[in-house]
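This report refers to the structure that appears directly beneath it.
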Amino acid sequence: MNVTESRFKNRQLHIEDYLQMVSAEQREYAEVFDYSKITEKSGVITDYWTNNLLELILRKDNLNNAYKQVKRSRGKGGIDGMQVDELLPFLRENQETLIQEIRGGKYKPNPVRRVEIPKETKGEYRKLGVPTVVDRVIQQAIAQELSPIFEEQFSENSFGFRPKRGAHDALRQCQKNVNDGYVYVVDMDLEKFFDTVCQSKLIEVLSRTIKDGRVISLIHKYLNAGVIANGKYERTEIGMPQGGPLSPLLSNIMLNELDKELERRGHRYVRYADDCMIFCKSRKSAERTLKNIIPFIEGKLFLKVNRKKTEVAHISKVKYLGYTFYRYKGKCRFRVHQKSVVKMRNKIRELTDRNKGISNAERERKYQEYVRGWVEYFRLADMKGLLKTMDEWARRRIRAVYWKQWKEN
-7 MNVTESRFKN
3 RQLHIEDYLQ
13 MVSAEQREYA
23 EVFDYSKITE
33 KSGVITDYWT
43 NNLLELILRK
53 DNLNNAYKQV
63 KRSRGKGGID
73 GMQVDELLPF
83 LRENQETLIQ
93 EIRGGKYKPN
103 PVRRVEIPKE
113 TKGEYRKLGV
123 PTVVDRVIQQ
133 AIAQELSPIF
143 EEQFSENSFG
153 FRPKRGAHDA
163 LRQCQKNVND
173 GYVYVVDMDL
183 EKFFDTVCQS
193 KLIEVLSRTI
203 KDGRVISLIH
213 KYLNAGVIAN
223 GKYERTEIGM
233 PQGGPLSPLL
243 SNIMLNELDK
253 ELERRGHRYV
263 RYADDCMIFC
273 KSRKSAERTL
283 KNIIPFIEGK
293 LFLKVNRKKT
303 EVAHISKVKY
313 LGYTFYRYKG
323 KCRFRVHQKS
333 VVKMRNKIRE
343 LTDRNKGISN
353 AERERKYQEY
363 VRGWVEYFRL
373 ADMKGLLKTM
383 DEWARRRIRA
393 VYWKQWKEN
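The sequence shown: position 389 = 381 (this note's numbering), numbered continuously.
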């Protein structure tokens, strides 16, 4: 019997807590785990060509580091209700049994808990799958060993969920491409990427590098673990849950196939997770590029291009990672996209709502925390005038809240 079955019924990764505090655009592109720490090792392990990788994953120091990362990330529990604070006593009592189950191929991951986060488009939701805290530790341990292996293969044009890379690096690469004359883009939208990943294709790609069949089998079990949505179990024979420590890495492994094909064809591009832009020098070239790459994406990777949202456009007409682009004296510069401004206004309205039942000091703290995060994320943009306008508007709103409270008291 799986030692987790009697105890695990759900938990929730730290992204839910993170989503509540960071800016609107940071929320949209939040990385679920801190990948800057995953590859901070003395050397890259090369045992992945052997049948010994699982033993490396199950090393005590690797599991301890995985536990520390999960504890640091916090977040709510999965379907078993176990919380991060309960994890250490459980592992002390059951770690050896868990290790033996995993080593013997008997471990059965729990279904993930479905959490839906509203998307920018009204009525659309991003589906997250929250693993149990124990499964989160195991996934984290796998990711810590696999990440350095695949980092050697990943493209310099890929920026999401990777160590020492981020949205600002992706934007600066976009800026360089535009300054070099590549002012038309294929703004690619992969339809429901995480929900439609072909598991057999992903396993095929993994198996080219990972030769320990036990690791491949364990990853496959996580892909097939299923999901609990509205109290009902749903099978997951396609796609992969978005929300566990493994999913960002697996998405990059899958989309690295697209990266390699784009580079083989000589294209300039920037990819942040599943958000990809291909840069061209003319509209005609961009249209031709889109037409020619769709058969590869759909016929070789078995992913779906969203025809309604994918477009060919001048760089000044696109939104990327919350920013928009313009040219000044021949150079590419950034602005905050209007939709990002609207999101910020809505968030400030929420934070300053006098019906929230919190003290003015707490309201001010949350407001300052949010604004600092927002300004830091959008610091590449020209926004001196925007900040002045928004600051005046926000302070008028805060003063109005204080005035109404004073009158009521």
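All C-beta atoms, glycine included, are put in the ideal place defined by N, C-alpha and C.
Quick caveat: nothing in here was measured; it's all calculated off a predicted structure.
The residue from Ser209, Ile134, Arg227 and Gly223 with its alpha-carbon nearest to that of Ala217 is Arg227. Nearest Cα to Val107 within the set Gly67, Ile134, Gln145 and Ile91: Gly67.
Per DSSP, the continuous beta strand (DSSP E) segment holding Ala221 begins and ends at Val219 to Ala221.
Assigned with DSSP and collapsed to three states, Cys324 falls in strand. For Val219, the CB contacts under 8 Å within the same chain, skipping 5 residues up- and downstream, are Pro103, Val104, Arg105, Arg106, Gly121, Tyr225, Glu226, Thr228 and Pro233 in chain order. Per DSSP, reduced to three states, the secondary structure at Cys166 is helical.
In the three-state reduction of the DSSP assignment, Ser147 falls in the coil class.
Residue range Leu79 to Arg95 is occupied by the alpha helix (DSSP H) that includes Arg84, with no beta strand (DSSP E) assigned at that position. Gly291 carries a helical assignment under DSSP once its states are collapsed to helix, strand and coil.
In this structure Lys292 is exposed. Its beta-carbon is surrounded by fewer than 16 other beta-carbon atoms within 10 angstroms.
In the assembly as shown, Val262 is a buried residue. Its beta-carbon has 16 or more other beta-carbons within 10 Å. Around the beta carbon of Ser199, fewer than 16 other beta carbons sit within 10 angstroms, so the residue counts as exposed.
Spatial neighbours of Lys358 in its own chain (CB-CB distance under 7 Å, excluding positions within 5 residues in sequence) are listed in chain order as Leu343.
The residue from Gly73, Asp77 and Gln132 with its alpha-carbon nearest to that of Arg51 is Gln132.
For Tyr362 against Lys339, the beta-carbon gap comes to about 6 Å, under 8 Å, which counts as contact. Unbroken alpha helix (DSSP H) stretches of 4 residues or longer found wholly inside the region 243 to 277: none.
Under DSSP, Val304 shares a beta bridge with Val178.
Per the Cβ contact rule, the region 173 to 182 is in contact with the region 303 to 310 (3 or more Cβ pairs under 8 Å). Between Leu254 and Ala162, the C-beta gap is not smaller than 9 Å, which leaves the two residues out of contact.
Across the set Gly69, Val334 and Leu80, the C-alpha of Leu80 shows the shortest separation from the C-alpha of Ala58.
For Lys331, there is no enclosing beta strand (DSSP E); the enclosing alpha helix (DSSP H) has its first and last residue at Gln330 to Leu343.
Straight-line measurement puts the Cα of Asp77 at about 41 Å from the Cα of Ala392. Look at Leu372 here: in three-state DSSP terms it is coil, with no helix or strand label.
Contact between the region 190 to 210 and the region 240 to 250 is present, with at least three C-beta pairs closer than 8 Å.
For Lys111, there is no enclosing alpha helix (DSSP H), as DSSP marks it with neither H nor E. Rounded to the nearest whole angstrom, the CA to CA distance from Ile71 to Ile130 is 16 Å. Under the criterion of beta carbons closer than 8 Å, Gly152 and Ala265 qualify as touching, at roughly 4 Å. As a beta-bridge residue in DSSP terms, Arg118 pairs with Ile109. Here DSSP, grouped into helix, strand and coil, assigns Lys358 to helix.
Residue state for Arg157 is assigned as coil, using DSSP reduced to three classes.
Judged by beta-carbon spacing, Arg84 lies beyond the 9 Å limit of Leu46, meaning their Cβ atoms are not closer than that value.
A Cβ-Cβ contact shorter than 9 Å links Asn244 with Ser150. Closest by C-alpha distance to Leu241, out of Val170, Glu116, Gly69 and Ser139, is Ser139. For Cys268, the closest of Glu183, Glu93 and Leu379 by C-alpha to C-alpha distance is Glu183.
In this structure, Val170 keeps its C-beta atom at 9 Å or more from the C-beta atom of Ile230. The beta carbon of Glu290 is closer than 7 Å to those of Lys296 and Val297 in its chain, skipping five residues each way along the sequence.
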